[in-house]
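Q:
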Amino acid sequence: MSENKCQYMVTGMTCAACQAHVEKAVSRVPGVDKVTVSLLTNSMSVEGKASASDVVEAVEKAGYGAKPMSASSAGMSRLEAEKEALEDHETPKLKRRLLISILFLIVLMYFTMGHNMLDLPVPFFLNHNHLGLALTEMILAFIVMAVNHAFFDSGFRSLFHRSPNMDTLVALGSSVSFGWSLYVFYKMTWLITQGSSSMDIMPLYHDQLYFESAAMIPALITVGKLLESISKGRTTDALKGLMKIAPKTARVERAGKESLIPVEEVQAGDIFIVKPGESVPVDGEILEGETAVDESALTGESVPVDKKPGDRVSAATMNTNGYIRARALRVGEDTTFAQIIRMVSDAAATKAPIARIADKVSAVFVPAVILIAFLVFILWILLGAPVSRALEYAICVLVISCPCALGLATPVAIMVGNGMGAKNGILFKTSEALENAGKIDIAVMDKTGTITEGKPRVTDMVPAEGVSEKELLEKAYALEVKSEHPLALAVVDYGNRKSVKALPLTDFQILSGHGLEGNLGGKKLHGGSASYISTFTSINGLKDRAEALAEEGKTPLFFEEEGKLLGLMAVADVIKEDSPRAIQELKDMGIQVVMLTGDNEKTAAAMARKAGVDHVIAGVLPDGKEAVIRKLQAYGKVAMVGDGINDAPALVKADTGIAIGAGTDVAIDSADIVLMNSRLSDVSAAVRLSRETLKNIHENLFWAFAYNVLLIPMAAGLYPGIRMNPMWGAAAMSLSSFTVCMNALRLNLFNVRSSSRDKKKKMTALPDWDTISGKPSSAEKPEAAGGKAVVLVEGMMCENCENHVKKALESLPFITGARADHKTGRVSITYSSQPDEAAMKQVLAKADYEYKGILFPKEETNMKETVKIEGMMCNHCEMTVKKALEALDGVEKADVSHTKGTAVLTLDKAVADGDIKKAIEDKDYTFKGIEK
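The numbering of the sequence shown is the working numbering, which starts it at 285 and goes up by one.
Okay, here's the thing in structure tokens:
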């Protein structure tokens, strides 16, 4: 069986101890690499090669039930399987059990409390008949215990499997009460057989009967279970609400006829029709018709979006007013809507780091309580207390202890938080992402498309001397029309409005982060930044004008042809309407906001002033964002906000990667959080929701620990003057889990958009970027700082290649010498002034070699280690391990391969093997050693 990830429904779990035992049992199955069990959703996620039958067998041997949550023989889809798993089957059963229990308890309590304590009348044949009353109480108690046999079945089965759970505590408490009372009852009958009928003796024995406790304990726990079941069900309302709006049918055209079919039968390529007021059944592209679509199910945005032929529509969105024909593109579990449900469901099934403490305690909690109860019994016997009194204290300890509150403290809050996020177009891919979002100190944002609209337009055209505006536009258009960059699209749009026709261009190249190159009529044509164009010709004639435009927040694009400057075009982007407010909200929360851009410093500074950003890092190439994140992480937890595609390495490197404006592309592997909209305010909303969820978890954990720490000693009789009856202990236990669930439900009332309750934490101090990057500030930077470095070059095969590379690099004015080695792909250079990477890249590309970077002396001496790792299955595993290793102090970079089972570390200082091992094992992978 190939490596995969399977979901299972698990039955029979009642508390956190059950969850821990199921995880432990499945983790021992050969071929299982990782297992996560969710008590809240009664689900289990298993990664590895183990067969489903082996996993199910392991769960059943542990005393529970399991079945794969995949398409069944009945044709059940995963969506239907998940819906089935979330369906509340327990509440109706608990209601019936409680109703029957109460009916018999009323009669039992009448005899035990009403008659014995209040002297209420009883039938004549029981009046002063202590033995008859005892027999009646025993029968009634046995009926109540039989009605609630589930506690005893589960409790004793778990005990025999050496994995006791909460039901074990209930079963032991009730059984010990019943057993002791049975002993007293037989002793009463023995006294009668001995001829003793003293009325003074019988009441004393009758007072030692605990039949009412034996019945009341499971009955009160059932009350708690019912309240817990109802409140737990409400924590999944958001997810169930999403599932309810899933389309059931589709109106398709087949063989020229229109027919209504189940949505599961729609295939990619089918033509479907959506009438006003109907839901879009699958993801598709409009072929005919115009309408407005309500996409609130996906984005949380209630304003309908206009759609026309060629536009995409998504499953579960509502067609408000038009008739449309569309072609199905993504169907079944591949639709955006299905991916969102899967993401929310999977996130709820993952474990947040904060839950680990509770999980560890829960795993040993029940055995510890049983031991404590036994020690309490022995202690009171040694202190001279009657056996009945000692038993009462021991039973009280058993029934008051509650592992459920510990186990539910985190998952119920995570579930509600994830649901709230989904309703607002904020998708947390894991529980860890939901926890970490509120801890960020620095939010790094790409400028284009994140802070700005990402739709720049041409504002100025400045031809060079001797060049007409028409010539500049035509040649710029010929170059830019072949590029998809937002700035290029602005030039193309401007040219289209001026009815410009594209001139024939050949040998087109994109030099990422620098500019464009092509051949126009046998002449080399270049366009791009000032630094790039200055390697071909002087731009002094337009330098002042370019700086003036940059001061206004505009980006100047230069163009030249065969050493002749053609001129420049200024392009400006528009800041999103909500960006200044969103940035201010983040700052008010104590988060430093840093803007990344490839623009020059003046343009970037002008844009930053308008947006309210205090820290700007300009001139960053697309492949340089990861390095920026790495250096900023020395100052705190860093979030990267980007589009999830161009920013993928930076999103992975960041402590929290946030993909903004995902739209229909929610499956972005590199992001931890996916924002469906392009609103920057959703970033502050995500942070706000994370902090509130974390606060709720802390409240739940405090309650769960405090409850047990305070009430177990009380139940044991350690508080002077306080004696607790087992029935009150059971009542307290039944309410503890309910309290945790109800507290989590308060999150549903939280407004993620409101900043009124934001609390500002101490803001991380950031120095200027020159200091962060390790470069001298502009005031300290010498005019000509010479030195040595190593240039990395790809493509050298022999000594002739070495000579070509040497010649190419030494043609640059700032390089005074070069020595190439084709075996290592390195070129040692000496330079007289700061090396210009763009120029080196250009000359090497002309010589048919690829520039891969430059290492200065400090970087060149970096150490490398290869770490062997087991358990990685996919790209997601790679990213998890990469992030964990690069978070270590001293790890400059980690190149991880799940196929090789290795991570190659680049170190700027020594890192202890133990730290590397811990980082890997904390993420549930196996450390197998290090090759230095």
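Backbone N, C-alpha and C fix where the C-beta goes; we use that ideal spot for every residue, glycine too. From a predicted model like this one, the values you see are computed outputs, not experimental measurements.
Relative to the C-alpha of Ala-1000, which candidate in Leu-410, Arg-609, Ser-442 and Ala-657 has its C-alpha closest?
A: Among Leu-410, Arg-609, Ser-442 and Ala-657, the Cα nearest to that of Ala-1000 is on Ala-657.
Q: So Ser-459 and Tyr-494 are in contact, right, with Cβ under 8 Å, and what is the actual spacing, rounded?
A: Incorrect: roughly 11 Å between the Cβ atoms, too far for contact.
Q: The alpha helix (DSSP H) that contains Val-460, what's its start and end?
A: Residues 450–477.
Q: List the residues that DSSP assigns as beta-bridge partners of Val-1024.
A: For Val-1024, which the question treats as bridged, DSSP gives no partner whatsoever.
Q: Between the alpha carbons of Asp-862 and Thr-601, how many angstroms are there, rounded?
A: Going by the C-alpha atoms only, they are around 25 Å apart.
Q: Grab the span of the alpha helix (DSSP H) containing Ser-887 for me, first residue to last.
A: For the sequence presented, residue 887 should be read as Thr rather than Ser. 885–895 is the span of the alpha helix (DSSP H), which, as asked, contains Thr-887.
Q: Residue range of the alpha helix (DSSP H) that Glu-414 falls in?
A: The displayed chain sequence assigns His, not Glu, to residue 414. Counting along the chain, the alpha helix (DSSP H) containing His-414 begins and ends at 414–431.
Q: Thinking C-beta only, is Asp-567 closer than 8 Å to Thr-533?
A: Contact: no.
Q: What's the C-alpha gap between Val-855 and Ala-902?
A: So the alpha carbons of these two residues sit roughly 16 Å apart.
Q: With distances taken between CB atoms, is the gap from Asn-603 to Val-564 smaller than 8 Å?
A: In contact: Asn-603 and Val-564 (Cβ atoms closer than 8 Å).
Q: Per DSSP, what kind of secondary structure is Gly-349 in: helix, strand or coil?
A: Note: Gly-349 maps to strand in three-state DSSP.
Q: Along the alpha helix (DSSP H) that carries Arg-865, what are the first and last residues, could you check?
A: Note, Arg-865: alpha helix (DSSP H), 863–872.
Q: State the beta-bridge partners of Ser-329 as determined by DSSP.
A: In the DSSP output, where bridge partners are listed per residue, Ser-329 has Gln-291 and Thr-320.
Q: Give every residue of the same chain whose Cβ lies closer than 8 Å to the Cβ of Lys-1226, excluding the five residues on either side of it in the sequence, and list them in chain order.
A: Within the shown structure, residues of the chain are numbered from 285 to 1216, placing residue 1226 beyond reach of any answer.
Q: Report yes or no: do the region 753–770 and the region 923–939 share at least 3 C-beta pairs separated by less than 8 Å?
A: Touching, no, given that fewer than three Cβ pairs across the two stretches are closer than 8 Å.
Q: Using the C-alpha atoms, what's the distance from Ala-1131 back to Thr-1145?
A: With a pLDDT of only 46 at Thr-1145, under the threshold of 50, the placement of this residue in the model should not be trusted; the figure read from the coordinates follows. When rounded, the distance between both Cα atoms is 28 Å.
Q: Would you identify the three-state DSSP class for Lys-1212, choosing helix, strand or coil?
A: In the structure shown, Lys-1212 sits in a strand (DSSP, three-state: E or B).
Q: Would you decide whether Ala-430 is buried or exposed? Buried here means 16 or more other CB atoms lie within 10 Å of its CB.
A: So Ala-430 counts as exposed.
Q: If Thr-1186 sits next to Thr-1150, beta carbons under 8 Å apart, how far is it from one beta carbon to the other, in whole angstroms?
A: Between Thr-1150 and Thr-1186 the Cβ distance is about 5 Å, and since that is below 8 Å, they are a contact.
Q: Excluding the five sequence neighbours on either side, which residues of its own chain have a C-beta within less than 8 Å of the C-beta of Phe-661, listed in chain order?
A: Closer than 8 Å at the Cβ level, and outside the excluded window around Phe-661, lie Ala-674, Leu-675, Tyr-677 and Ala-678.
Q: With DSSP as the reference, label Arg-1041 as helix, strand or coil.
A: Arg-1041: coil per DSSP, three-state reduction.
Q: Taking Ser-322 as the reference, give the member of Gly-1174, Gly-799, His-305 and Ala-1092 with the closest Cα.
A: That would be His-305, whose Cα lies nearest to the Cα of Ser-322.
Q: Applying the criterion that 16 or more other CB atoms from any shown protein chain within 10 Å of the CB defines a buried residue, is Tyr-470 buried or exposed?
A: Counting Cβ neighbours within 10 Å, Tyr-470 comes out exposed, since fewer than 16 surround it.
Q: When the Cα of Phe-649 is compared with those of Tyr-1133, Cys-302, Gly-738 and Lys-377, which residue comes out closest?
A: Comparing Cα positions, the closest option is Cys-302.
Q: Mind checking whether the beta-carbon of Pro-695 lies closer than 7 Å to any heavy atom of the ligand COA?
A: The ligand COA is absent from the structure shown, which contains no ligands of any kind.
Q: Smallest Cα separation from Arg-381: which of Phe-436, His-445, Asn-824 and Leu-510?
A: Arg-381 has its Cα closest to that of Leu-510, out of Phe-436, His-445, Asn-824 and Leu-510.
Q: What residues match up with Thr-940 in a beta bridge as DSSP calls it?
A: Answer is Ala-923.
Q: Fully enclosed by the region 1112–1189, which beta strand (DSSP E) runs are 3 residues long or longer?
A: 1134–1139, 1147–1154 and 1175–1181, all fully within the region 1112–1189.
Q: Given that a residue counts as buried once 16 or more other Cβ atoms are within 10 Å of its Cβ, and exposed if not, what is Glu-512?
A: By the 10 Å Cβ count, Glu-512 comes out buried.
Q: Could you round the C-beta distance between Ala-1218 and Leu-978 to whole angstroms and report it? I think they count as a contact, below 8 Å.
A: The structure shown does not extend to residue 1218, since the chain is modelled only from 285 through 1216, so no value can be given for it.
Q: Rounded to whole angstroms, what is the Cα-Cα separation between Thr-452 and Ser-442?
A: Distance between the alpha carbons of Thr-452 and Ser-442: 7 Å.
Q: Can you list, in chain order, the stretches of the beta strand (DSSP E) that have 3 or more residues and sit fully within the region 800–830?
A: Entirely contained in the region 800–830, the beta strand (DSSP E) runs reaching 3 residues are, in chain order, 807–812.
Q: When the Cα of Ile-608 is compared with those of Ile-654, Gly-561 and Glu-579, which residue comes out closest?
A: When only C-alpha atoms are compared, the closest one is Gly-561.
Q: If you follow the beta strand (DSSP E) that Thr-839 is part of, which residue opens it and which one closes it?
A: It spans 839–845 - the beta strand (DSSP E) in which Thr-839 sits, taken as one unbroken run.
Q: Determine the direct distance from the alpha carbon of Glu-1154 to that of Ser-1181, and round the result to whole angstroms.
A: Going from the Cα of Ser-1181 to the Cα of Glu-1154 covers about 11 Å.
Q: Can you round the beta-carbon distance between Asp-317 and Gly-332 to whole angstroms, since I take them to be within the 8 Å contact cut?
A: Confirmed, Cβ separation roughly 4 Å.
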